[in-house]
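Counting with numbering that gives the first Met the number 0, you get residues 0 to 173 for the letters of the sequence shown.
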Amino acid sequence: MSGVPSGRVHNLINIAAYSVLAGAVLVASRQDILSITPSQALYFTLAFAVGTFLLSPDLDLAEGKVDSKRHWGVLGVLWVPYGMLFSHRGLSHTWLVGPLTRLAYLAALLALIVGLLRYVAPSVTVPAIPQPISVKVVAPLIAGYYLSQWLHLIADGVRPDHGMRRGLKKLRRR
Ligand SMILES: [Zn+2]
């Protein structure tokens, strides 16, 4: 086995880091150094949990068995094409674009499902995203999600300048 942490180890590292951060934020708020509203803390926590357990960079292995795919239950099968498209520890494991590939993939999946739903059952109304979305909501979501991803990359030993050379899998090699 290589020295790459397993899904369980990644989860433990992220949970530990979250606990330390939460403790530090709590102390800082008590000292009036920092002021974070309960809803900001909630958005951050939600995005961090989703990034840790549901949108891990190791979904690039979803064509096989992987912890983050298992967390999706039967829906884990939806990530198989992502696993086939992205090589392990390639573009999926870059610091800026990597986390975006999973959000984009998820958005494409949702669009597909909504499109199918509209086609099959035109009378069904799909809940719309309330506009405009406030920065106060988006900022803690982005921070929580990206922090969860970066902790994974740090634990993997992936540097922020990790290139895109081994990005998309070459289909002809499969
Ligand atoms: Zn990884």
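Note that beta-carbon positions come from the ideal geometry of N, C-alpha and C, so glycine has one too.
Legend entry - Given H70 as reference, the closest of N10, A16, I32 once Cα atoms are compared: Reading the sequence shown from its first residue, position 71 is the one you call residue 70. Ranking N10, A16, I32 by Cα distance to H70 puts N10 first.
Inset, instruction - Kindly indicate the opening and closing residues of the alpha helix (DSSP H) around F52. - result: As a position in the sequence shown, residue 52 is number 53, starting the count at 1. Unbroken alpha helix (DSSP H) run through F52: 37-52.
Inset, instruction - Find out if the Cβ-Cβ distance for the pair L60, G82 is shorter than 7 Å. - result: Residue numbering aside, residue 60 sits at position 61 when the sequence shown is read from its first letter. Residue numbering aside, residue 82 sits at position 83 when the sequence shown is read from its first letter. The answer is yes: Cβ separation under 7 Å.
Legend entry - Presumed contact (8 Å Cβ cut-off) between I35 and V24, rounded CB distance: Stepping through the sequence shown from its first residue, residue 35 is reached at position 36. Stepping through the sequence shown from its first residue, residue 24 is reached at position 25. So it is a contact: roughly 6 Å between Cβ atoms.
Inset, instruction - Tell me whether S91 is buried or exposed, calling it buried when 16 or more other Cβ atoms sit within 10 Å of its Cβ. - result: In the sequence shown, counting from the first residue as 1, residue 91 sits at position 92. By the 10 Å Cβ count, S91 comes out buried.
Inset, instruction - Could you tell me whether the stretch 135-154 touches the stretch 41-48, where touching means 3 or more Cβ pairs closer than 8 Å? - result: Output reads yes: the stretch 41-48 touches the stretch 135-154.
Inset, instruction - Give the range of the alpha helix (DSSP H) segment to which G114 is assigned. - result: Taking the first residue of the sequence shown as 1, we reach residue 114 at position 115. Looking at the DSSP string, the run of the alpha helix (DSSP H) that includes G114 is 96-119.
Legend entry - CB-CB length for P56 against G97, believed under 8 Å: Sequence index remark: in the sequence shown, residue 56 carries index 57 (1-based). Sequence index remark: in the sequence shown, residue 97 carries index 98 (1-based). Right, their Cβ atoms sit about 6 Å apart.
Legend entry - Own chain residues within Cβ distance below 6 Å of P139, not counting five before or after: Within the sequence shown, the letter at position 140 stands for residue 139. Hits under 6 Å: Q39, Y42, F43.
Inset, instruction - Would you decide whether R171 is buried or exposed? Buried here means 16 or more other CB atoms lie within 10 Å of its CB. - result: In the sequence shown, counting from the first residue as 1, residue 171 sits at position 172. Low confidence applies to R171: its pLDDT is 42, below 50, so where it sits in the model is not reliable, and the reading given next is rough at best. Counting Cβ neighbours within 10 Å, R171 comes out exposed, since fewer than 16 surround it.
Legend entry - Where R88 falls, given that 16 or more other Cβ within 10 Å makes a residue buried: Walking along the sequence shown from the start, residue 88 turns up at place 89. Under this definition R88 is a buried residue.
Inset, instruction - Can you give me the start and stop residues for the alpha helix (DSSP H) that L11 sits inside? - result: The sequence position of residue 11 within the sequence shown is 12, counting from 1. Taken as a continuous stretch (DSSP letters only), the alpha helix (DSSP H) holding L11 covers 6-29.
Inset, instruction - Counting only the same chain and skipping the five closest in sequence on each side, list residues whose C-beta sits under 6 Å from that of L53. - result: Looking up residue 53 in the sequence shown gives position 54. H70, listed in sequence order.
Inset, instruction - Might you give, ordered along the chain, the residues of its own chain that have their beta carbon closer than 6 Å to the beta carbon of R117, omitting 5 neighbours on each side? - result: To locate residue 117, count along the sequence shown from 1; it is residue 118. Once the five neighbours on either side are set aside, R117 has no close Cβ partner at all.
Inset, instruction - May I have all residues whose beta carbon comes closer than 5 Å to any heavy atom of ligand 1, sorted in chain order? - result: P56, D57, D155
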